[in-house]
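Step one of this worksheet: look at the structure below.
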Amino acid sequence: MQSIDPKSLSTLQTRITYLKSFTNFTEADAAALHAARPVVEALIPTIVDAVYKKLLSYDITAKAFVPRQTGYDGVAPTKVEELDLEHPMVKFRMGFLKGYLQKLVVMDYNDSRTWEYFDKVGIMHTGVAGFAHRAKKPGLRVEYIHMGLLLGYVVDLVIGAVTAHPDLDNETKSAVLRALNKVIWIQNDCQFPFLVLSGIAANEVVVFARHYVVDLDTPNSVVVPKKGLSEGWVGQIATGAVVAVGVLGVQLILRQW
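Just so we're aligned, residue 1 is where the sequence shown starts under the UniProt record's numbering, counting upward by one.
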């Protein structure tokens, strides 16, 4: 039995090592993703169009594209009704998803910078500048429910396309989809660093649970994140009391499982 120190999971590198071990993400998985590059890259335009068509079909997700996006200098929409796949700012955002999907099949999964990128993708959607180009820019905040659904929808699209691909044998299809599933679940962990506690303040108070690790063996414990992970996050937490309430809630929920 492997021993995992809960406190160590507040460090990205240690956490990724644990996630890769638990999901059994291996060199074979990375190789499967790299080998699938021609297939996946050919599917990306269709996937991106389908994803944004889905995002714009609900006002709750479409509204995230009304504020001017960081780095976009064109005409910004004033209401969700102006948005469609041809709007310049929507196309601007579609480019980011295209780049993300392209990275999945070319990244070096032994390089810590790969996982730092995944972590920053999660951070940038919490109102904190995950990437340097977003520093001192308006915060981009997207609730976890929408981010999680987005990943699920992307996976569904890829599964449908890969399983129906006429030039891939069943062994290759299985290897690619299993590898993708593991990577997406690790990405999911990177973009689930918070719990939203509603009703405590006028605005939602965000407690970043991944960076404030709970040790269930120690009542009401909070492990303060190490330097680097904590930078930029302190301002997101209203008071220490809120953290305590959030941690207590997490403990109660987990102990009921």
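Backbone N, C-alpha and C define an ideal beta-carbon position, used for all residues, glycine too.
All values derive from a computational prediction rather than experimental measurement.
Contact set for residue i: own chain, Cβ-Cβ below 8 angstroms, skip 5 residues either direction
{"i": "A32", "result": "T172, A175, V176, R178 and A179"}
{"i": "T163", "result": "K173 and L177"}
{"i": "I184", "result": "L151, V154 and V155"}
{"i": "D84", "result": "L56 and V90"}
{"i": "G130", "result": "At G130 the pLDDT is 43, less than 50, meaning the model places this residue with poor confidence and gives no usable figure here."}
Own chain partners of residue i with C-beta closer than 7 angstroms, once the 5 adjacent residues on each side are dropped
{"i": "K63", "result": "V80"}
{"i": "K53", "result": "L85"}
Three-way DSSP call (helix, strand, coil) for residue i in this model
{"i": "F96", "result": "helix"}
{"i": "A76", "result": "coil"}
{"i": "E143", "result": "coil"}
{"i": "A161", "result": "helix"}
{"i": "Y109", "result": "coil"}
{"i": "G122", "result": "helix"}
{"i": "T46", "result": "helix"}
Identity of the residue in the options nearest residue i by Cα
{"i": "Q69", "options": "L168, M124 and M107", "result": "M124"}
{"i": "D189", "options": "I4, S10 and M1", "result": "S10"}
{"i": "A28", "options": "P166, V105 and G148", "result": "V105"}
{"i": "I159", "options": "S3, V40, T23 and S8", "result": "V40"}
{"i": "L101", "options": "N24, A42 and S3", "result": "A42"}
{"i": "Q2", "options": "Q13, T26 and F22", "result": "F22"}
{"i": "L12", "options": "S112, R93 and K182", "result": "S112"}
{"i": "A36", "options": "N24, K103 and G148", "result": "K103"}
Contacting residues, own chain, Cβ-Cβ under 6 angstroms from residue i (five flanking each side not counted)
{"i": "M107", "result": "T114"}
{"i": "residue 271", "result": "The displayed coordinates of the chain run from 1 to 257. Any statement about residue 271 would go beyond what the structure contains."}
{"i": "T61", "result": "L55 and H146"}
{"i": "I44", "result": "K98 and L101"}
Take every Cβ of the segment 69-82, pair it with every Cβ of the segment 11-25, and state whether three or more of those distances are shorter than 8 angstroms.
-> no
Using 8 angstroms as the Cβ pair cut-off and three pairs as the minimum, do the segment 78-97 and the segment 43-61 touch?
-> yes
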